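Accompanying notes for the structure given below.
In my numbering, the protein residues as written are 4 to 459.
Written out as structure tokens, the structure reads:
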């Protein structure tokens, strides 16, 4: 819900009331005059702008849980796909569940100013927080694979224990953490960064890595103008160009969820970007200042330019690791030797994204309600990187073209009838479909928006 405030401002019924003399009388008279000015502008819909000389601040709070991921055929999957290696006969030799999970959210601060009744300027400062876990589990290791790996290992290196598995190779619940810890410590011998933190780990979670943002951290800021280029009593349109600034940090490549090296997520894209939004509002019905029904269509296009990133610090596979990979991954799709890339950088062009949203909003007195359906598309990033690295990243299926369909329900109240220049809105968001994209549950938003005239 982009702008509920000025719909409600145009609908308030503030008949002059008798107030005590002094400050309160002056205060209420001041706001009565401002409301009359807003009513005369007949503002409605997402395309409405702040009136000239009005300053607005908005605080968006969001909290949500990453529940999984839509696959390439819209099926629900774990956030990061398991890694499975099959033997020559097609039977499973090794199955590793990467065990990614997490929750997060953010606080977005937006500051806007009405340059004219039709033109606004704004700046948006997003702050995000994350708590992400990657707790890989070795689910299966066939008896033949156990024997082969132990045969390859040096005598002084800890060996696989047969008691960790049943007769078919399935890891028993009792020894799941021990078996998983062994494999995670073994991964650097296969040429991959360690997926385990040093020290003890919570037994209920198992070995692995965790990323905590330690409070809210800055993501990519954006700023721009919004121009209400046409407005009548029935329909209205607005155009909003903006620029994205690369103020958010990238994930440590040695602990990146996108690269399969850990649980950390990017806080930004790592490059500048440009974007525009086109809003159209159609007023279906209006009854005096009591009821207003508006349909809104919104289209947003964004493009992010090229940015540089650092390769992970890939260790050199050991001789025993190379022998095992010849058996498990002869084409080196998951585990190519990339130790020569340590310290180097590559380029990524995130490219284009598109969002389309349709909404129906109903305002009754100083209450407002809306329902929205949205669609978002992101193109596949363009990598200018070493072929081995690009093959590995794409095999994880975390950097593919994808889309998401969303449903939003919102309700808000305007407190200006009580002479409090604030607007409070609650919104619930739900993923209803998608492809190659993470979906969320318990996705809640709370927005507080305030208004302050700068001309008295």
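Just so it is clear, CB atoms sit at the ideal spot from N, CA and C, and this is done for glycine as well.
Since we're looking at a predicted model, the values are computed, not measured.
Can you name the residues that DSSP bridges to residue i?
i           : result
residue 367 : 294 and 370
residue 1   : Here the chain covers residues 4 to 459 and nothing more, so residue 1 does not appear.
residue 301 : 282 and 360
residue 39  : BP columns for residue 39 are empty, so no partner.
residue 97  : 88 and 144
residue 381 : 356 and 405
residue 429 : 414 and 449
residue 422 : None; residue 422 has no bridge partner.
residue 336 : BP columns for residue 336 are empty, so no partner.
residue 174 : 168
residue 267 : 259
residue 1   : The requested residue 1 does not occur in the structure, where the chain is confined to residues 4 to 459.
residue 220 : 131
residue 436 : 408
residue 80  : 72
If you measure between the beta carbons of residue i and residue j, is that distance less than 8 Å?
i           : j           : result
residue 48  : residue 284 : yes
residue 67  : residue 107 : yes
residue 359 : residue 260 : no
residue 75  : residue 381 : no
residue 420 : residue 369 : yes
residue 337 : residue 395 : yes
residue 441 : residue 425 : no
residue 448 : residue 367 : no
residue 351 : residue 392 : no
residue 73  : residue 437 : yes
residue 311 : residue 342 : no
residue 128 : residue 401 : no
residue 241 : residue 229 : yes
residue 247 : residue 278 : yes
residue 324 : residue 144 : no
residue 253 : residue 96  : no
residue 239 : residue 50  : yes
residue 117 : residue 57  : yes
residue 304 : residue 362 : no
residue 138 : residue 211 : yes
residue 327 : residue 152 : yes
residue 435 : residue 403 : no
residue 186 : residue 99  : yes
residue 231 : residue 245 : no
residue 36  : residue 120 : no
residue 125 : residue 227 : yes
residue 416 : residue 423 : no
residue 234 : residue 286 : no
Measure the C-alpha to C-alpha separation of residue i and residue j and round it to an integer number of angstroms.
i           : j           : result
residue 197 : residue 161 : 16 Å
residue 114 : residue 27  : 28 Å
residue 157 : residue 407 : 48 Å
residue 267 : residue 34  : 48 Å
residue 298 : residue 376 : 12 Å
residue 78  : residue 456 : 50 Å
residue 443 : residue 65  : 12 Å
residue 349 : residue 364 : 46 Å
residue 214 : residue 133 : 7 Å
residue 373 : residue 432 : 12 Å
residue 123 : residue 46  : 14 Å
residue 223 : residue 155 : 48 Å
residue 32  : residue 269 : 49 Å
residue 290 : residue 414 : 20 Å
residue 209 : residue 315 : 24 Å
residue 8   : residue 195 : Note that residue 8 has pLDDT 43, beneath the 50 cutoff, so the model's placement of it is unreliable and no number is given.
residue 12  : residue 40  : Because residue 12 carries a pLDDT of 41, less than 50, the predicted location of this residue cannot be relied on, and the following value inherits that uncertainty. Straight-line Cα distance between these residues: approximately 10 Å.
residue 384 : residue 272 : 11 Å
residue 313 : residue 288 : 55 Å
Locate the alpha helix (DSSP H) running through residue i, then write down its first and last residues.
i           : result
residue 189 : 179–189
residue 241 : No alpha helix (DSSP H) holds residue 241; the beta strand (DSSP E) holding it covers 238–247.
residue 392 : 390–398
Within the continuous beta strand (DSSP E) that includes residue i, where are the two ends?
i           : result
residue 407 : 405–417
residue 326 : Taken as a continuous stretch (DSSP letters only), residue 326 belongs to no beta strand (DSSP E), being part of the alpha helix (DSSP H) at 322–331.
residue 62  : 57–73
residue 351 : 348–352
residue 211 : No beta strand (DSSP E) contains residue 211, which DSSP labels as neither H nor E.
residue 113 : 103–117
residue 133 : 122–137
residue 440 : 440–456
residue 386 : 385–387
residue 233 : 225–234
residue 310 : 310–313
Within 7 Å: the Cβ of residue i and any heavy atom of the ligand ATP?
i           : result
residue 367 : Summarising the ligand content, the structure contains no ligands, and the ligand ATP is consequently not present.
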